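Residue numbers (our numbering), protein chains in the order written: chain A, 1 to 271; chain B, 1001 to 1271; chain C, 2001 to 2335.
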Amino acid sequence: MSSTTRRMIGVYRQYWRINVLTTLEYRENFLMWFGFTFVYHGSAIAALWVVLSRFPSMNGWDFRDMAFLYALWMMGHALHNTFFAAIGDVPEHIQDGEFDRILVRPLNELFQTITMPGQIFPDELILAASFFVFATWYSGVHVGLLFIVMVPLIVIGGALIDLAISLVIATTAFWFIRVDALRWIVLQLEQEFTRYPISIYSRGVKLMLAFVFPFAFMNYFPAAFFLHKTDTGLALPAAVGLLTPLIGVVVATLAYIFWRFGLNRYQGVGH
Amino acid sequence: MIATRPYRFRLEPYIEFAKKAIARESTYRFEVFTSIGSFVVRVYLLRMVWTALYARNAAPEGLPLHAIITYSTVALLMGLVLDIDQTRLLHDHLHDGTIATDFMKPINVPLYFFSDGTGEVLFHAALIFPAILLSLFLVHIDVPSAFVLVMFLISFILGYFVGFFINFILNCIAFWTLEISAAQLILTWVTDLFGGELFPLVFFPLAVQNIIFALPFAAMFSTPLLIYVGQIRPERYAEVIGVQVAWVVVLAGASWVMWRFGARRVVVQGG
Amino acid sequence: MPIIRTRDLQKVFRSIKRRPGVGGAISALFSREYEDKVAVSNVNVSLEAGEMVGYIGPNGAGKSTTIKMLTGILVPTAGTIEVAGIVPHAHRQQNAVNIGVVFGQRSQLYWDLPLRESFELLRAIYDVPRDRYRENMREFAEILDLERFLDTPVRQLSLGERMRGDFAAAMLHDPKIVYLDEPTIGLDVIAKEAIRDFICRVNRERGTTVILTTHDLADVERLCERIVLIDKGTVIYDGPIERLRTEYGTHRTLIVNLADSYPEFSIEGADLESREQNSVRLRFDRRTITAEALIRRVTERYSITDVAIVEPDIETIIRRIYVEGYSVQPATSPA
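Put into structure tokens, the structure is as follows:
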């Protein structure tokens, strides 16, 4: 095992140890954030429920289907927020000079960003997992071998898609420095667009959600597949949803290339 | 010996505060673009959602598709002005201790924060014009009679004040705890759900409607919007406007109380 | 074989020329004009292992730009750098293992964690062998008196305590080279002394090469034998601090305590700088008169109780150079 790998494993272990200790120490904080996360997702689901109780079918999807749709998105999103959320701090690091410190340490820059000690709470992940279990049962989706094998991979793929988005936004900070507004809007739009089956959108938007910002692969296509929806709104079979893990790896890699490009420019141009 | 002039109340400094707030907000060019951008995207999104929902389900009484699209779009326009943290300055000053110097100045401190918030709101209100223009490319907005429009505007302004005082009370909590961002976010989502911004509150099951309409949040979006789309008929105008006025008075009183207790705490404890 | 060597080092920053007014903004959409600012040029510096060098210059001279290039944060526009045989920006991580950095204005410690945890995390990042880590911790805790606050969260530490922690953190992995950027800024006298002692000791006992960038010239005077003076992006002096003093420290001050209160005091060959009752300060040019000669002249005319000589301080010398520019002064013997 090379020295670098050994160091990265050591740092990662240390990082999580600190996280656990800090979380236990700031218990009240944890409860507060748990409450906030609950309300954030809860109000979205409640809004869906209220509207769908008056309008039972949306392009052939009912509330049970949409609950599963939301739950699948929430899993990938929560996984990303638990492990990769620190990337969102890059603009702040650039502004306050902390990023220079990262450049002076003997570890990959992205890895260092992800392992900056901070308070990571597993509340969203716990919530997401609970809701997913519930939604799986509630929607009546068939839980066969394929489901059990593919869903974890799809969730990881979803997290990677979110990672790609986070990374791209963080990279733009090398040029624009302040990108909080962008980050917030992208987050909002992601949550709002993935809530509904993409078949309701116009063709251009459908293509964009499938091939440009592949949010549709985070939850829509896989959900359509497992819920046996025949018409996906595009000339694509729902089975493409099984490609989500691959798509996640591809976009994350592309985002990483863009990140390195931004990093090089940052070191060349100065700040 | 120079004689100091006695304190007299003048409007001039508060106008300056408002102007300063406008100048400050206009430097955030990026934020302006992103808020208009997200507005446009949401107008589109909601149009697609309602169209899909109305396609396969029976339309509710008195709210045909064009009415609900109007509702959503006008709600988003209102949101440009209402979804702002108007008294953020209060929270910021409490956070960094500047509040102490505020109290040392010959100004009415809550009025200072109100002026600042007003300036911020006026700036954002100016965004409504380009927003309306842009939305006309995407949707058709019904325009009611002049009388209804005027009543709508009155109701809107009252709703604004309800929101202002709720926001003020919330930021006053910073006198005691400083860490209120979670509570604030919770309130935002609660307001979204029960305020009528996302969907008409009449979609809620009848059983809970009485409670929801009794809450102040409904006075913010729902009342003016329902007036606009004609769901509230002229006969009920006096009643609903009355409710709004009542809430404004109650919340103003609560704000005054919060302020008195909070300000005393600063003076006694030194911030 | 020098441990640090730069050749014809240059860094040019290109920025977009902003034209005033609305017309300027619109024309900027169509054609872009660039402005080049040369931050550093023609820097040729060579350091041997174990040297302790002061790197000084006025604000905006190019000091931090040079340091950033040496530490691998910034890529040079032209020229070469080699630090311990590695090109810093090309092999960032490898270079990082060899260096330690203390930014006076910005701590590298983790704000919310107890000091000890910060060290633990750094141990993992640099992969310091456990026993070496323990040894270093023991030594630093003793010299820098860290024991008292090892378990305190960093945000609760005073500036002096935090700085001591930062120094320990920088040295934890036994770097060959240490860059100190304003390390004693804002510290009280006692803390400054402790830091200076630590730097001296580390340099002497471990042979660590030290590059000290600072505005506190007392630090430089106390610690460094060699100075590199940079102004407007070029090195204008690179050599022993003593030579600067002899070449530029032409004026010394003689303090005389008079035995009687003489109504008038004047002496040929020296300027009366100030007089307070019986204490007189005389400023004289070393090249035109020796201290001995001046004292003799004074005692011929007045009776004195005490005498003291104040050397030109490096601060005044540097200030002169900033203002007048540097040129080699011919050595002249006093009259």
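Just so it is clear, CB atoms sit at the ideal spot from N, CA and C, and this is done for glycine as well. No experiment lies behind these values; they were computed from the predicted model shown.
Buried or exposed for residue i, please, with buried defined as at least 16 other CB atoms from any protein chain shown within 10 angstroms of its CB.
i                 : result
Trp1189 (chain B) : buried
Ala2168 (chain C) : buried
Gly157 (chain A)  : buried
Gln323 (chain A)  : Residue 323 (chain A) lies beyond the stretch modelled for chain A, which goes from 1 to 271, so this question has no answer here.
Phe1261 (chain B) : exposed
Phe176 (chain A)  : exposed
Asp2151 (chain C) : exposed
Phe1017 (chain B) : buried
Arg105 (chain A)  : buried
His1093 (chain B) : buried
Gly2325 (chain C) : exposed
Ser2266 (chain C) : exposed
Tyr15 (chain A)   : buried
Asp1116 (chain B) : buried
Lys2063 (chain C) : buried
Arg265 (chain A)  : exposed
Name, please, each residue of chain A whose Cβ falls closer than 9 Å to the Cβ of residue i.
i                 : result
Gly2072 (chain C) : Leu103, Val104 and Gln267
Ile2093 (chain C) : It is worth fixing the name first, because residue 2093 (chain C) is Gln in this sequence and not Ile. Neighbours of Gln2093 (chain C) on chain A, chain order: Thr4, Arg105, Pro106, Leu107 and Asn108.
Glu2182 (chain C) : Chain A residues near Glu2182 (chain C): none, gap ~13 Å exceeds 9 Å.
Can the beta-carbon of residue i be found less than 8 Å from the beta-carbon of residue j?
i                 : j                 : result
Val1243 (chain B) : Ala1219 (chain B) : yes
Glu2273 (chain C) : Arg2287 (chain C) : no
Ala1125 (chain B) : Val1074 (chain B) : no
His80 (chain A)   : Leu153 (chain A)  : no
Gly2085 (chain C) : Thr2006 (chain C) : no
Glu190 (chain A)  : Leu1045 (chain B) : no
Phe1103 (chain B) : Val1266 (chain B) : yes
Pro2183 (chain C) : Gly2100 (chain C) : no
Tyr2179 (chain C) : Ile2143 (chain C) : no
Tyr201 (chain A)  : Met58 (chain A)   : no
Met66 (chain A)   : Leu48 (chain A)   : yes
Phe1204 (chain B) : Val50 (chain A)   : yes
Can you tell which of the options has the C-alpha that lies nearest to the C-alpha of residue i?
i                 : options                                       : result
Ser199 (chain A)  : A:Phe211, A:Val151 and A:Tyr220               : A:Tyr220
His2091 (chain C) : A:Arg178, A:Glu109 and A:Gln95                : A:Glu109
Ile94 (chain A)   : A:Thr113, A:Ala78, A:Pro152 and A:Pro197      : A:Thr113
Val1229 (chain B) : B:Leu1158, B:Ala1021, B:Leu1153 and B:Val1032 : B:Leu1153
Val1202 (chain B) : B:Val1032, B:Ala1059, B:Ile1015 and B:Lys1020 : B:Ala1059
Gln133 (chain A)  : A:Arg178, A:Ile87, A:Gly118 and A:Tyr70       : Here the sequence assigns Val to residue 133 (chain A), which means Gln is not the residue at that position. Selected option, being the one with the closest Cα: A:Tyr70.
Val2045 (chain C) : C:Pro2058, C:Ile2003 and C:Glu2147            : C:Ile2003
Leu26 (chain A)   : C:Asp2112, C:Gly2249, C:Glu2142 and C:Leu2122 : The sequence as given places Tyr at residue 26 (chain A); Leu does not occur at that position. When only C-alpha atoms are compared, the closest one is C:Asp2112.
Asn2278 (chain C) : C:Asp2271, C:Leu2294 and C:Glu2264            : C:Glu2264
Phe1175 (chain B) : B:Pro1013, B:Lys1019, B:Met1048 and B:Leu1090 : B:Leu1090
Ile169 (chain A)  : A:Tyr12, A:Met74, A:Phe36 and A:Asp89         : A:Asp89
Thr1118 (chain B) : B:Leu1149, B:Ala1263 and B:Ala1023            : B:Ala1023
Gly2060 (chain C) : C:Gly2104, C:Val2087 and C:Phe2013            : C:Phe2013
Ser1145 (chain B) : B:Leu1076, B:Leu1138, B:Arg1233 and B:Thr1191 : B:Arg1233
By the criterion of Cβ-Cβ separation under 8 Å, what are the contact partners of residue i in chain A?
i                 : result
Pro971 (chain B)  : Residue numbering for chain B in the displayed model covers 1001 to 1271; residue 971 (chain B) lies beyond these limits and cannot be assessed.
His2251 (chain C) : Simply none; closest approach about 40 Å.
Which residues of chain A have a Cβ atom closer than 7 Å to the Cβ of residue i, listed in chain order?
i                 : result
Ala2096 (chain C) : Val104, Arg105 and Pro106
Arg2226 (chain C) : Neighbours of Arg2226 (chain C) on chain A: none; closest Cβ ~24 Å, over 7 Å.
Tyr2110 (chain C) : Pro117
Asp1116 (chain B) : None at all; the shortest Cβ gap to chain A is about 20 Å.
Ala1126 (chain B) : The premise fails here: Ala1126 (chain B) is roughly 18 Å from chain A at the closest Cβ pair, so nothing lies under 7 Å.
Anything in chain C within Cβ reach of residue i, meaning under 9 Å, just list it in chain order.
i               : result
Thr22 (chain A) : Asp2112 and Leu2113
Could you list which residues in chain C have their beta carbon closer than 8 Å to that of residue i, in chain order?
i               : result
Gln14 (chain A) : Glu2120, Leu2121 and Ala2124
Arg7 (chain A)  : Ala2124, Ile2125, Tyr2126 and Asp2127
Val11 (chain A) : Leu2121, Ala2124 and Ile2125
Taking 7 Å as the cut-off, is the beta-carbon of residue i closer than that to any non-hydrogen atom of the ligand PLP?
i                : result
Leu160 (chain A) : This structure lacks the ligand PLP; in fact it carries no ligand of any kind.
Just to make sure I have the definition right: I need the residues of chain B whose C-beta is within less than 7 Å of the C-beta of residue i. Which are they?
i                : result
Leu189 (chain A) : Ser1038 and Val1041
Asn59 (chain A)  : Ala1052
Stretch-stretch touch, CB-based, cutoff 8 Å, three pairs: the segment 2251–2268 of chain C with the segment 2303–2311 of chain C: yes
Inter-stretch contact (C-beta, 8 Å, three-pair minimum) for the segment 166–184 of chain A and the segment 1028–1039 of chain B: yes
The segment 2228–2235 of chain C in contact with the segment 2194–2206 of chain C per 3-pair CB rule at 8 Å: no
Contact the segment 2243–2250 of chain C vs the segment 2044–2060 of chain C: 3+ CB pairs below 8 Å: no
Meets three-Cβ-pair contact criterion under 8 Å: the segment 1159–1172 of chain B and the segment 1234–1249 of chain B: yes
At least 3 beta-carbon pairs within less than 8 Å: the segment 204–222 of chain A vs the segment 238–252 of chain A: yes
At least 3 beta-carbon pairs within less than 8 Å: the segment 1009–1016 of chain B vs the segment 1047–1054 of chain B: no
Segment contact, 8 Å Cβ cut-off, at least three pairs: the segment 2103–2117 of chain C with the segment 2154–2174 of chain C: yes
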